[in-house]
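Here the protein sequences line up with chains A, B, C and D, keeping their order. When the letters of the first sequence are read in order and numbered with the working numbering, they come out as residues 698 to 1035. When the letters of the second sequence are read in order and numbered with the working numbering, they come out as residues 698 to 1035. When the letters of the third sequence are read in order and numbered with the working numbering, they come out as residues 698 to 1035. When the letters of the fourth sequence are read in order and numbered with the working numbering, they come out as residues 698 to 1035. We put the beta carbon where it would ideally sit given N, CA and C, even for glycine. Encoded as structure tokens, the structure appears first; notes follow it.
There are 4 protein chains.
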Amino acid sequence: MKVRVGINGYGTIGKRVASAVAAQDDMEVIGVTKTRPSYEAHLACAEGYPLYVAKPDQVAAFEKEGIKVEGTLEDLVGKVDIMVDATPGGVGEAYRELYERAGIKAIFQGGEDHGIAGVSFNAYANYKESWGAKFSRVVSCNTTGLVRTLYPLDKEIGVERVSATIVRRGADPSDNKGSALNSLEPSLKLPTHHGPDVQTIMPWINITTMAVKSPTTLMHLHCVIADLKKEVKESDVLAAWDDVSRVRLVSGKRGLKGTANIMELAKDLDRPRGDFMEIAVWQDGIKVVGKTLYYYQAVHQESDVVPENIDCIRSMMKMEPDASRSIKKTDTSLGIGE
Amino acid sequence: MKVRVGINGYGTIGKRVASAVAAQDDMEVIGVTKTRPSYEAHLACAEGYPLYVAKPDQVAAFEKEGIKVEGTLEDLVGKVDIMVDATPGGVGEAYRELYERAGIKAIFQGGEDHGIAGVSFNAYANYKESWGAKFSRVVSCNTTGLVRTLYPLDKEIGVERVSATIVRRGADPSDNKGSALNSLEPSLKLPTHHGPDVQTIMPWINITTMAVKSPTTLMHLHCVIADLKKEVKESDVLAAWDDVSRVRLVSGKRGLKGTANIMELAKDLDRPRGDFMEIAVWQDGIKVVGKTLYYYQAVHQESDVVPENIDCIRSMMKMEPDASRSIKKTDTSLGIGE
Amino acid sequence: MKVRVGINGYGTIGKRVASAVAAQDDMEVIGVTKTRPSYEAHLACAEGYPLYVAKPDQVAAFEKEGIKVEGTLEDLVGKVDIMVDATPGGVGEAYRELYERAGIKAIFQGGEDHGIAGVSFNAYANYKESWGAKFSRVVSCNTTGLVRTLYPLDKEIGVERVSATIVRRGADPSDNKGSALNSLEPSLKLPTHHGPDVQTIMPWINITTMAVKSPTTLMHLHCVIADLKKEVKESDVLAAWDDVSRVRLVSGKRGLKGTANIMELAKDLDRPRGDFMEIAVWQDGIKVVGKTLYYYQAVHQESDVVPENIDCIRSMMKMEPDASRSIKKTDTSLGIGE
Amino acid sequence: MKVRVGINGYGTIGKRVASAVAAQDDMEVIGVTKTRPSYEAHLACAEGYPLYVAKPDQVAAFEKEGIKVEGTLEDLVGKVDIMVDATPGGVGEAYRELYERAGIKAIFQGGEDHGIAGVSFNAYANYKESWGAKFSRVVSCNTTGLVRTLYPLDKEIGVERVSATIVRRGADPSDNKGSALNSLEPSLKLPTHHGPDVQTIMPWINITTMAVKSPTTLMHLHCVIADLKKEVKESDVLAAWDDVSRVRLVSGKRGLKGTANIMELAKDLDRPRGDFMEIAVWQDGIKVVGKTLYYYQAVHQESDVVPENIDCIRSMMKMEPDASRSIKKTDTSLGIGE
């Protein structure tokens, strides 16, 4: 029998998680929730996902637009084994008690604090920590990106200290209220929260971060300076990432000069929604000087956490004890690594 | 036997035409050409398209990158029935003689002048004019967009005069050299060439245009003011476009407020490469005052001409005498109208 | 004795009007209001403008930042002859009664409806209509721009019908929350309000407008199609604008290709704040075909209404009966036309 | 007698240096050169700067536009004591011999290599090294920015190691060919050249840099991580910059959240051309953790080197032996520090 999954919030992350769940053979989408009868609600129906509303008083608005509503979130929690909470950052907290009362498991996203679940998740680094857990939290897109490259580096080579600067995209492509159109805006609270967030997965790592918001929509770009525990060659760095399917090398020399080119590659590869779920690392932008490693990586903020949610379901639902087998199953279903 | 198609230039348009040809059951991709061994050349090989170079001296560069080269453009013209010339604007002219000498047919794109072929093409408006032609020209993305909405209006209602303003995208998403980052730049040569270009398809129409370049990458946006031959209701306007599968209504009220939302819709619809091959017309942005009609439409510059190229092949190769049957076949294969 | 002017709202427009008032020899800034102790409040003090707060409970916040507060808006209205209300659009309405009660005159900005004052203002077109008025409204930046070029055209040549498309800047340069970063967004309510707003100044003119928001910050750009009452030459069009100091011709051939270049010109001309208070019309982007005139103009949304506010004060305060003399005085003080 | 200064290249930097020279009482602009009769050539004439062309065959084009040409660059070198070479990066090299032959001194800009002059200049850090020199080089905008904050930190506190990430503006505001419109592009050659360039001024400092190009026009933004030689408080850091007039603290809390707000401040301060010649450091974005200092600074790429050029003239021409007196004189004339 397939694991029954609900998705609370059918937005940027929620709609992608729904597609990813639907692409698995061991789980199914029981329902998704929406608060407004927008075109995305129509599409959810067209995809065949039963549609629920967050609150009863929203039903009328949907019906006026000719959208069939299956029930409310209260109804949906009664029908699923696990809920992926993809509500906006900070909102998940309010639903925690509802999930608990209904006796279902729930995955929160990186917009929530670690404390909401007490355990945070990355498939490579700590798959087992969420084994059978009632609640877990898939860390944010940026944290996922940093963990994906730093964890193997630390494991294979050893990392003494990391200083990373995150050049953030200002808004998502379809956000109608964006950031300033022509400005660079630093995150003044220093060091930024990204370092401590990496430590929810790798508590032992010495990492500090700075961040700047830029008027672009496609990807975040990380500039990473890592002091390693020993002198290595660039080929050793590449070797550390060799088995990590969710890190993909790209080449500036071959024309992949910036984030726009990487998103074009994703379209050319016919990825669902043109998403690029791997972390892109520039192969010709890796440099080791003494024990210090420099590299750039790009993070597709809309999708890199999607496969992590799938693996997190498998861990929490005790569906697959072996992390690498879950990862491989997820990757194959989503075209990752092709 | 399938019609054998070559594609000269595997760039923004060429790669999309290749995918579209490959999706048809009555034609096949015999080869594509590339001038540089970029990542797109690798992808063409991965897609299984035989790769040719424009000139013999380019072979070495490809082989150095481990890319198998099947031959040169001179070789390719000997193997195909028809060449889709998707070289950069103004370059096609130089290849015309080669195609003629090789005795093959060729389709040029809108970056060339009408005179290169003597006949220009739009599937709805003049499919038959290219019937059996040696050369034809698929008009540009903007012209295709204007013809798709104006031709049915003129046919069903009658159009006295059109004034359109084209807000152009500054560069394509993956262009590394774009337009000014924060500027609006008018096309000073007035009226702009778009009006006369529409007249290569609809010589009788009275149309003048202005144009402004804007720092955005996703779509062009047209503001159209059409004086009609009689007073009609907005529902009559919608009825005129009812059977035109390549015009798609979108709704600002449902959240499709701008071009970014439309491109998001294309991704959500799982369109190949996230393309939106229809012309998007805002349903809630149509207004008739007296005999004057106002409407907005958005044009995906990278893809709206792709289905036109397919239909043009069918007309030139005498594969399907009925325009609407060719259109339907093309649309079904590409997901248009779903 | 100088006319005593207060400025309610020291933001984008208010701070510029304050500088402009201070540059006149027949009026003076008595005080400006601010709601938050931002850096602009510090600058207002540094400029020597007495600072007032909108509401008594805001005083503490200012004092905490070391900013001296002279009093509240209620105090300020008791000290001035006329208030320039430069509060955000729609807010002025709420203050109207306060001004009335205090027995002072007030100028509202284009974000308010015409009805707030019953009379709208443009220095060239209807200076006399505000003569001695208690309230008047300086029309918006876009309307000011359209009136500045259309009024002389209509007067000298005669205008039958105008269709204008307004490519709007998405946000002001220093707005931290802007429009979508990479999208074009049409104004779906058609025809847009700009036409009727022009008619508050020129009630007889036949004008309709469309509008598109673009991700740029510097200027609006208008594409104007005007059917004239007779056939003229381009030189006749130029002649109509000859005496209009607030229309300035620019040349694409000389490198002023877009709005960014025009703002660079303003800086090179050492204009206060780098403002461009004239409407820029591209000299090499004017075309007459038959009786139809096409032209492009750029509007600096932050400043074109500033000289209008000054002239409006003179008209309302009966300081100068001759419009052209007020205009000349204002222009000279602000460097317009140099 | 005033020092006679020529400016070769009246573009972004050249026109600003001309204005700055003209604002001094101990030097004067003898002439400027231009290669095309653009609007900037007209403005140079309007400013009263004698205009020279780079090559004799350019004279006709200028005269056709009604611009009076005083002679060629060959003529200008015969009339000046020192030439500020503000030609595009890499072009200065070609003129070096001409200056040498004419027996005049010359200042090159940061687009040239250190080797062109053998000595590089920053007013605070090494004013005396250019004393009486025949040639010197004012380092680039980014290097100037880094030296202005790092030199005092190193002198007052001691700096062990610096890791800086430079988020570059993609193009200048008036560039009509910019960078990619919606992309982030890393500088793949690592570490980037900025570190070694800082070492042309401070050869002893341990600094490495990374860089990312962003689609914005206003300023560069630096994220600096400096390991200090001892533990200090944030107030010690501020104290180190206390006497450095060309470093200016800005406050995010007061509304200066990003680079756009800082450029707005420059306009509000009525700076010439709206330039911000100081390095802006966010006061509420400074953090010391242990011995590690984090801070953000913004660099106005069009103008921060302008006062350095003035001081460099004084040092090379032996006009003022005391660096701090030259700096003060320059700053006062340009409004820096007000």
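Near chain B, meaning a CB-to-CB distance below 7 Å, the residues of the region 853-883 of chain C are 860, 862, 864, 877, 879, 880, 881, 882 and 883. Distance between residue 827 of chain D and residue 973 of chain C, taken at the CA atoms: about 41 Å. Membership of residue 726 of chain B in the beta strand (DSSP E) is indicated by the continuous run 724-731.
For residue 978 of chain A, the uninterrupted beta strand (DSSP E) run begins and ends at 976-979, by DSSP. Distance from the CA atom of residue 824 of chain B to the CA atom of residue 1029 of chain B, rounded to whole angstroms, is 18 Å. Among the residues of chain C, those whose CB is under 7 Å from the CB of residue 957 of chain D are 870 and 871, following chain order. Residue 753 of chain D has a beta carbon lying at 8 Å or more from every beta carbon in chain B.
Under the three-state reduction of DSSP output, residue 1016 of chain D falls in the coil class, being neither helix nor strand. Residue range 838-853 is occupied by the alpha helix (DSSP H) that includes residue 848 of chain A. Identification of chain D residues near residue 912 of chain B by a Cβ-Cβ cut-off of 7 Å yields 878, ordered along the chain. Per DSSP, the unbroken alpha helix (DSSP H) holding residue 796 of chain C starts and ends at 789-799.
Look at the beta carbons and you see the region 928-941 of chain C not touching the region 861-873 of chain C: under three pairs across the two are nearer than 8 Å. When beta bridges are read from the DSSP output, residue 835 of chain C appears opposite C:818. Using a Cβ-Cβ distance cut-off of 8 Å, the region 763-781 of chain D and the region 738-746 of chain D are in contact, since at least three pairs of beta carbons, one from each stretch, lie closer than that value. Excluding residues up to 5 positions away in sequence, 856, 859 and 990 lie with their Cβ nearer than 6 Å to the Cβ of residue 923 of chain C in the same chain. Unbroken beta strand (DSSP E) runs of no fewer than 3 residues, entirely contained in the region 749-792 of chain D, are found at 779-782, following chain order.
Each of A:997, A:779, A:874 and A:954 was checked against the Cα of residue 724 of chain A, and the nearest Cα belongs to A:779.
Only 914, 915, 916, 917, 918, 920, 921 and 922 from the region 914-931 of chain A bring a Cβ to less than 9 Å from some Cβ of chain D.
Residue 954 of chain C has a beta carbon lying within less than 8 Å of a beta carbon in chain B. Only those residues of the region 887-906 of chain A whose C-beta falls short of 7 Å from the nearest C-beta of chain B would be listed, and there are none.
Residue 1007 of chain D carries a helical assignment under DSSP once its states are collapsed to helix, strand and coil. With contacts defined as CB atoms closer than 8 Å, residue 995 of chain B and residue 918 of chain B qualify as a contacting pair.
Neighbours of residue 971 of chain D across chain C, judged by C-beta separation under 8 Å: 964, 970 and 971. Looking at the DSSP output, residue 996 of chain B bridges to B:917. The Cβ atoms of residue 817 of chain D and residue 788 of chain D do not sit closer than 8 Å to each other. With at least 16 other beta carbons inside 10 angstroms of its own, residue 1017 of chain A counts as buried. Contact check for residue 970 of chain C and residue 964 of chain D: beta-carbon distance about 4 Å, within the 8 Å limit, so the pair qualifies. Neighbours of residue 763 of chain C in chain B, taken as residues at a C-beta separation under 7 Å, are lacking, since the least C-beta distance is about 35 Å.
In this structure, residue 854 of chain D sits away from residue 832 of chain D, with a CB-CB distance that is not shorter than 8 Å. Of all residues in the region 711-727 of chain C, those with a C-beta nearer than 8 Å to a C-beta of chain D are 712, reading in chain order.
Taking C-beta atoms as the reference points, residue 915 of chain C and residue 861 of chain C fail to come closer than 8 Å. Counting only residues of its own chain and dropping the five nearest sequence neighbours on each side, residue 786 of chain C has a CB closer than 6 Å to the CB of 808. In terms of beta-carbon proximity, residue 967 of chain A lines the interface with chain B, with at least one pair separated by less than 8 Å. Under the three-state reduction of DSSP output, residue 746 of chain B falls in the coil class, being neither helix nor strand. Residue 704 of chain C: member of the beta strand (DSSP E) spanning 700-705, first to last residue. Shortest Cα-Cα distance from residue 743 of chain D to any of D:754, D:732 and D:728 involves D:728.
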